[in-house]
Amino acid sequence: MTAAVDHVMPAPRQRTVRRNWLRSEQGRGFTLLSLPFLYALTFLVLPMLVVFAHSFWTQTYLTIDRSFTLENYRIALTEPIYRDLLLRSLFISLTVSVATVLFAYPIAYYISFYGGRRKGLWLFLITVPFWTGYLLRVMAWKVILGYNGVLNTTLMGLGLTDKPVESLLYSTNAVILTLIHAWAVFAVLPVFVSLEKIDRSLIEAATDLGDGPLRRFMRVTLPLSLPGVTGALLIVMIPTVGDYVTPKLVGGTEGVMIANAIQAQFGRASNWPLGAALTVSTMVIVTAMAGAAVVVMRGFVRALR
Amino acid sequence: MPDPNAQTGKAMIEISGVTRKFGAFTALDRVSATINEGEFFSLLGPSGCGKTTLLRLIAGFDQPTEGGITIDGQPMEGMPANRRPTNMVFQSYAIFPHMNVQENVAYGLKRMRLDKAEEKRRVEEALTQVELGHLGKRRANELSGGQRQRVALARALVMRPKVLLLDEPLSALDKKLREQMQVELRHLQKQVGITFILVTHDQYEALAMSDRIAVMFDGQIAQVATPKDIYQRPVTRQVADFLGGMNFVSAEVAAENGTSLTLKTRGFGQVKTERPEGFVVNGGTATLGIRPERLRVLWDDDRSENEIAGRVVDRHYFGEITHLIVEIPDLETPLSVIETNDFGADDIPVGSQIRLAFDPDALVALRD
């Protein structure tokens, strides 16, 4: 009966109720969110759903058989070639992200603690190499690491070797080196920001309580900058797993990564369902690795105290 | 300088001829002072006078350009902050945000490698001293301003330093809590018997807590004395002005010797005063000062040996006291008088003639 009473509520009043809801905190929040939400839905969720759906289908020459199957996942996870590619990709991205952060931390530390009034200039200078395109920078590494490249000619000129070192280019090391260079800035910035946020009197307090430079770094500066370190680690780790330009240009056969295989499935091999299954598997594994990285870093903070 | 309140008389800190320059700016200019063992010593002055710079030199966060500091007989030159027998309570408290209260307090003990039980006992003892025993597990970001201040205090005291340095520790607290903490800090200092050096710009704080105060202006110490002496017998006009209100009257030097001055003023007549430290007779003039509360309103037929007559030109009511501005015929500036309200000073009409009594001892000669 009460429901019936609600329905005979005069129409104008209902309209004011609706308008009031739109003006309420909650209503305004949802209104503001609706556009980005639509954007995310169209460009993020829908494509992922398409990929996800494809991963359960089968390619039959030119058409796609839409009956449900887990065969693609079986291939993606058990075929030695894909398993090796995936493991290699994870190894490369882990090495690159750890090395990049180790390399970026001292730079960020120097700028934050000794940059003085020139902090802005230092940060600006660090971004200068990134004004050229990514491809050009990878090509530059080809010139440096190549058979008759800068490095080999220098080594020979110094008499350290009599013939060019062939393993410089077209190897896993070349991929790692190029990626470290490519992602350095993205690691410097978050670490720099977290170092900037540390109240300098905390470091003085640590000194006052008896800590020398190394101990106070380990007990105060490092733990307080770890959010930035974790951020930098993830920012580098997640995209490098899926990089396919760098391995293609400087990796040779040894440096091929999982993204090259995925690209091949969507391209020449024309097996979208397998490509989709490889994509989803990679995504899940990278998410797990990123989560593990966060947990490890948290444990590290606790151990430092 | 004699110091009747010195606790043992043994010097804990000797500051001799310390100068600190930052480029062309001289933050400290040949400062010398002796701070005794067990003493509560305050560095008082306006912002930029060099008091914090001096504290940081004692702590070892900064090195003097010239001169030296010894702590407990040991020269501190080249000794880094982490190896000095001093601990500091920072103005911002500098509580480690990634640790809880206990971990903050135990921070400095960790490197002494005490056994677990001893460490725990000392942390608890320090937390009890500052009445925070129940908050050991609190995260640093869950503490109020007053609690943070107590944690900072416990963290420094647990180290059992020879000297505790306090950099404006109460300035971030509200008035009530600040007054309460002044009393508590004073008790705590008596209880632990450690030398405390407090930096403050609040004259009441310095007066209420210290055994001795050094008043600083422009990188120099103007006067070191007990709170009572510094308030009642300031040696310069600047010191007198910084510590509460003061009426300044210009005077002529009628006679002088090594320890006393005889000054002639219009209004107050001829008075004999102590000769302030470093006083130089220059052109035969001097400044005489008298605190507003040392002038007393004479009612009806009251008589006093020393009185001065004038007209009330303004009156300000402050609850328990009234502030009267009294014009004296012979004086160029009117006198300010503070009178308690228990006899009806708040009812004296503006424009009325009144007589004021003064104690000649309350008049002090001041260096300009």
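Protein chains in written order, with this note's numbering: chain A, 1 to 305; chain B, 306 to 673.
Beta carbons: idealized from backbone N, C-alpha and C, even for Gly.
Remember, it's a predicted structure, so these values are computed and weren't measured experimentally.
- Given that a residue counts as buried once 16 or more other Cβ atoms are within 10 Å of its Cβ, and exposed if not, what is P309 (chain B)? Taking the first residue of the second sequence as position 1, residue 309 (chain B) is located at position 4. Because the pLDDT of P309 (chain B) is 43, which lies under 50, any placement of that residue in the model is unreliable, and the question is left without a value.
- Query: Are any of the Cβ atoms in chain B nearer than 8 Å to that of T207 (chain A)?
  - Reply: Counting from 1 along the first sequence, the entry for residue 207 (chain A) is found at position 207. Yes, its Cβ sits closer than 8 Å to a Cβ of chain B.
- Just the chain A side, please: which residues come within less than 7 Å of G413 (chain B) by C-beta, in chain order? The residue given as residue 413 (chain B) occupies position 108 in the second sequence. What G413 (chain B) touches in chain A: L209 and G210.
- Query: Quick one: what's R660 (chain B) bridged to in DSSP?
  - Reply: For this step, residue 660 (chain B) is matched to residue 355 along the second sequence. Partner(s): B:L603 and B:A614.
- L490 (chain B) beta carbon less than 8 Å from that of M514 (chain B): Counting from 1 along the second sequence, the entry for residue 514 (chain B) is found at position 209. Counting from 1 along the second sequence, the entry for residue 490 (chain B) is found at position 185. Cβ distance < 8 Å, so M514 (chain B) and L490 (chain B) count as in contact.
- Task: Taking only beta carbons into account, state which residues of the stretch 370 to 389 of chain B come closer than 9 Å to chain A, listed in chain order.
- Result: Residues P385, A386, N387, R388 and R389.
- Query: Using a Cβ-Cβ distance under 8 Å, would S449 (chain B) count as near chain A?
  - Reply: Reading the second sequence from its first residue, position 144 is the one you call residue 449 (chain B). Closer than 8 Å: no.
- Query: Taking Cβ positions only, does E204 (chain A) come closer than 8 Å to chain B?
  - Reply: If you number the first sequence from 1, residue 204 (chain A) lands on position 204. Answer yes: the Cβ-Cβ gap between E204 (chain A) and chain B drops below 8 Å somewhere.
- Item | Extent of the continuous beta strand (DSSP E) run through N446 (chain B) | Residue 446 (chain B) sits at position 141 when you count from the first residue of the second sequence. Neither: N446 (chain B) is in no beta strand (DSSP E) and is coded neither H nor E.
- Where DSSP assigns a beta bridge to K326 (chain B), which residues make up the other side? As a first step, residue 326 (chain B) is located in the second sequence; it is residue number 21 there, counting from the start. K326 (chain B) pairs with B:T331.
- Message: Is there a C-beta anywhere in chain A that falls below 8 Å from the one on N392 (chain B)?
- Response: Start at 1 with the first residue of the second sequence, and residue 392 (chain B) comes out as number 87. Yes, contact with chain A.
- Message: I'd like to check one pair, Q575 (chain B) with A591 (chain B): are the Cβ atoms closer than 8 Å?
- Response: If you number the second sequence from 1, residue 591 (chain B) lands on position 286. If you number the second sequence from 1, residue 575 (chain B) lands on position 270. Taking 8 Å as the Cβ cut-off, A591 (chain B) and Q575 (chain B) do not qualify as a contacting pair.
- Query: Going by DSSP, what residues sit across from Q525 (chain B) in a beta bridge?
  - Reply: In the second sequence, counting from the first residue as 1, residue 525 (chain B) sits at position 220. In the DSSP output, where bridge partners are listed per residue, Q525 (chain B) has B:F522.
- Paired residues, beta bridge with R517 (chain B) - DSSP: Counting from 1 along the second sequence, the entry for residue 517 (chain B) is found at position 212. In DSSP, R517 (chain B) forms a bridge with B:F346.
- By Cβ distance below 6 Å, which residues in the same chain neighbour M306 (chain B) in space, the five residues on each side in sequence not counted? As a working mapping, residue 306 (chain B) is identified with position 1 in the second sequence. Here M306 (chain B) scores only 42 on pLDDT, less than 50, and its place in the model should not be relied on; the value that follows carries that caveat. Correct list, in chain order: V529.
- Query: Which runs of the alpha helix (DSSP H), 4 residues or longer, sit entirely within the stretch 386 to 436 of chain B?
  - Reply: 406 to 415 and 421 to 434
- Message: Please report the straight-line C-alpha distance between E71 (chain A) and R88 (chain A), rounded to a whole angstrom.
- Response: Numbered from its first residue, the first sequence carries residue 71 (chain A) at position 71. Numbered from its first residue, the first sequence carries residue 88 (chain A) at position 88. One C-alpha to the other measures close to 23 Å.
- Are the beta-carbon atoms belonging to L470 (chain B) and I499 (chain B) less than 8 Å from one another? Walking along the second sequence from the start, residue 470 (chain B) turns up at place 165. Walking along the second sequence from the start, residue 499 (chain B) turns up at place 194. For L470 (chain B) and I499 (chain B), no; Cβs fall outside 8 Å.
- Residues near L593 (chain B) by beta carbon distance below 8 Å, same chain, minus five either side: Along the second sequence, read from residue 1 onward, the residue named residue 593 (chain B) stands at position 288. If we look at L593 (chain B) and ignore the five residues flanking it on each side, its Cβ neighbours are F553, V554, S555, A556, L568, T570, F573, V576, T578, L668, V669, A670 and L671.
- Query: Can you check whether the CB of V394 (chain B) is closer than 8 Å to the CB of A461 (chain B)?
  - Reply: Position 156 of the second sequence, counted from the start, is the residue given in the question as residue 461 (chain B). Position 89 of the second sequence, counted from the start, is the residue given in the question as residue 394 (chain B). It is a contact, given that the beta carbons lie within the stated cut-off.
- Message: Quick check on the burial criterion: 16 or more other C-beta atoms within 10 angstroms. Buried or exposed for Q508 (chain B)?
- Response: Stepping through the second sequence from its first residue, residue 508 (chain B) is reached at position 203. Buried, because 16 or more other Cβ atoms sit within 10 Å of the Cβ of Q508 (chain B).
- Message: Rounded to whole angstroms, what is the Cα-Cα separation between N562 (chain B) and L600 (chain B)?
- Response: Counting from one through the second sequence, the residue named residue 562 (chain B) turns up at place 257. Counting from one through the second sequence, the residue named residue 600 (chain B) turns up at place 295. Going by the C-alpha atoms only, they are around 28 Å apart.
- Run the CB neighbour count on D652 (chain B), radius 10 Å, all protein chains shown included, and call it buried at 16 or more, exposed below. Indexing the second sequence from 1 puts residue 652 (chain B) at position 347. Label assigned to D652 (chain B): exposed.
- For A336 (chain B), count neighbouring C-beta atoms within 10 Å of its own C-beta (all shown protein chains included) and say buried if the count is 16 or more, exposed if not. Taking the first residue of the second sequence as position 1, residue 336 (chain B) is located at position 31. Looking at the sequence shown, residue 336 (chain B) is not Ala but Val. With 16 or more other Cβ atoms within 10 Å, it is buried.
- Message: Using the Cβ count rule (16 or more neighbours within 10 Å means buried), how would you classify A502 (chain B)?
- Response: By one-based count along the second sequence, residue 502 (chain B) stands at place 197. Per the sequence shown, the amino acid found at residue 502 (chain B) is Ile instead of Ala. I502 (chain B) should be labelled buried.
- Taking all protein chains shown into account, decide if H439 (chain B) is buried (16 or more other Cβ within 10 angstroms of its Cβ) or exposed. Sequence index remark: in the second sequence, residue 439 (chain B) carries index 134 (1-based). Flag for H439 (chain B) reads exposed.
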